[in-house]
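K.L.:
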Amino acid sequence: MTNTALFLSSAAGFVRLLGQIPDEQWSEPGLGSWTVRSLAGHTARAILTVENYLAQEEPGDVTIATAEAYYSTVYLTFTDDAAVAARGVEAGEWLGDDPVAQVSAALARATAAIESQPANRIVSIGGMGIRLSEYLRTRVFELVVHTIDLSRAAGLPHSMPEPVIEDAVTLAAAVAARRGSGETLLLALTGRAPLAEGFSVV
Numbered sequence: 000m001t002n003t004a005l006f007l008s009s010a011a012g013f014v015r016l017l018g019q020i021p022d023e024q025w026s027e028p029g030l031g032s033w034t035v036r037s038l039a040g041h042t043a044r045a046i047l048t049v050e051n052y053l054a055q056e057e058p059g060d061v062t063i064a065t066a067e068a069y070y071s072t073v074y075l076t077f078t079d080d081a082a083v084a085a086r087g088v089e090a091g092e093w094l095g096d097d098p099v100a101q102v103s104a105a106l107a108r109a110t111a112a113i114e115s116q117p118a119n120r121i122v123s124i125g126g127m128g129i130r131l132s133e134y135l136r137t138r139v140f141e142l143v144v145h146t147i148d149l150s151r152a153a154g155l156p157h158s159m160p161e162p163v164i165e166d167a168v169t170l171a172a173a174v175a176a177r178r179g180s181g182e183t184l185l186l187a188l189t190g191r192a193p194l195a196e197g198f199s200v201v
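Under numbering that gives the first Met the number 0, the residue at position 179 of the sequence shown is numbered 178, and the numbers go up by one with no gaps.
#1: For Gly-95, which of helix, strand or coil comes out of DSSP?
#2: Which residues does DSSP list as the beta-bridge partners of Trp-25?
#3: For Leu-5, which residues from the same chain have a beta carbon less than 6 Å from its beta carbon, with the 5 sequence-adjacent residues on both sides left out?
#4: How close, in whole Å, do the beta carbons of Gly-40 and Gly-95 come, if the pair is a contact with beta carbons under 8 Å?
#5: Among the residues of its own chain, which have a CB less than 7 Å from the CB of Pro-98, if the five just before and after it don't count?
#6: Measure the CB-CB distance between Ala-112 and Leu-53 and report whether it falls below 7 Å.
#7: For Tyr-134, which residues in the same chain have their Cβ closer than 6 Å to its Cβ, ignoring the five residues on either side in sequence?
#8: Cβ atoms of Val-35 and Trp-25: under 7 Å apart, would you say?
#9: Whole angstroms are fine: how far does the CA of Glu-67 sit from the CA of Ala-118?
#10: Please identify the residue among Thr-72, Glu-27, Ile-46 and Ser-9 whose C-alpha is closest to the C-alpha of Met-127.
#11: If Thr-110 and Leu-7 are in contact, beta carbons under 8 Å, what's the gap, nearest whole angstrom?
Have a look at this one:
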């Protein structure tokens, strides 16, 4: 599957789960300080940012070569946890009374924006440049991980296709290796040693 196809597939899986969440669950605990609504809002931002970034002018050059580089360096350096949490709450409110309709409309706009871009389109992230195809890999990762978070919080099954889960796992393993935890992860995946409590690549 192309990175665009993976993005659309993971986004569709997220929308399907949104449609299963009953009204009474939106205010229940989601992840960390987030409610289910805020967690869903944060997840929706993986779609909204594609639309928003493609509306901006291209930066001059590629400065973030891959999705792995994004999570290994840029994400760690520039992520503000408090700001991320606040944006999740704001996006949760944006979902409104019909989250499925809101996200579906955003996905349609993002899809149209992607389809209108040249193959070598560069996306600007804080003035840095990453190719659209690689940026979409980061969006797949966010959609997969947080749809699973949402599934667990709501106690509902998700329907993320195997290819998008495989892509997210592959990216996570590569990021772990780049951050010096490749051997630790390999030992865990082959049953040699457990991961330490709280182990994470993001």
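All C-beta atoms, glycine included, are put in the ideal place defined by N, C-alpha and C.
P.N.:
Well, looking at it:
#1: What you label residue 95 is simply residue 96 of the sequence shown in a count that begins at 1. Three-state DSSP puts Gly-95 in coil, outside helix and strand.
#2: As a first step, residue 25 must be located in the sequence shown, where it is residue number 26. Answer is none; Trp-25 lacks a bridge partner.
#3: The residue labelled residue 5 in the question sits at position 6 within the sequence shown. Here the set comprises Val-139, Val-163 and Asp-166.
#4: If you number the sequence shown from 1, residue 40 lands on position 41. If you number the sequence shown from 1, residue 95 lands on position 96. That belief does not hold up - the Cβ atoms of Gly-40 and Gly-95 are roughly 10 Å apart, past 8 Å.
#5: Residue numbering aside, residue 98 sits at position 99 when the sequence shown is read from its first letter. Cβ neighbours of Pro-98 beyond the five flanking positions: Leu-17 and Ala-39.
#6: Sequence index remark: in the sequence shown, residue 112 carries index 113 (1-based). Sequence index remark: in the sequence shown, residue 53 carries index 54 (1-based). It is a contact, given that the beta carbons lie within the stated cut-off.
#7: For the purposes of this step, residue 134 is taken as the residue at position 135 of the sequence shown. Correct list, in chain order: Val-122.
#8: In the sequence shown, counting from the first residue as 1, residue 25 sits at position 26. In the sequence shown, counting from the first residue as 1, residue 35 sits at position 36. In contact: Trp-25 and Val-35 (Cβ atoms closer than 7 Å).
#9: Numbered from its first residue, the sequence shown carries residue 118 at position 119. Numbered from its first residue, the sequence shown carries residue 67 at position 68. If you take the alpha carbons of Ala-118 and Glu-67, they lie about 20 Å apart.
#10: Along the sequence shown, one-based indexing puts residue 127 at 128. The shortest Cα separation from Met-127 among Thr-72, Glu-27, Ile-46 and Ser-9 belongs to Thr-72.
#11: Locating residue 110 in the sequence shown gives position 111, where the first residue counts as 1. Locating residue 7 in the sequence shown gives position 8, where the first residue counts as 1. Correct: roughly 7 Å between the Cβ atoms.
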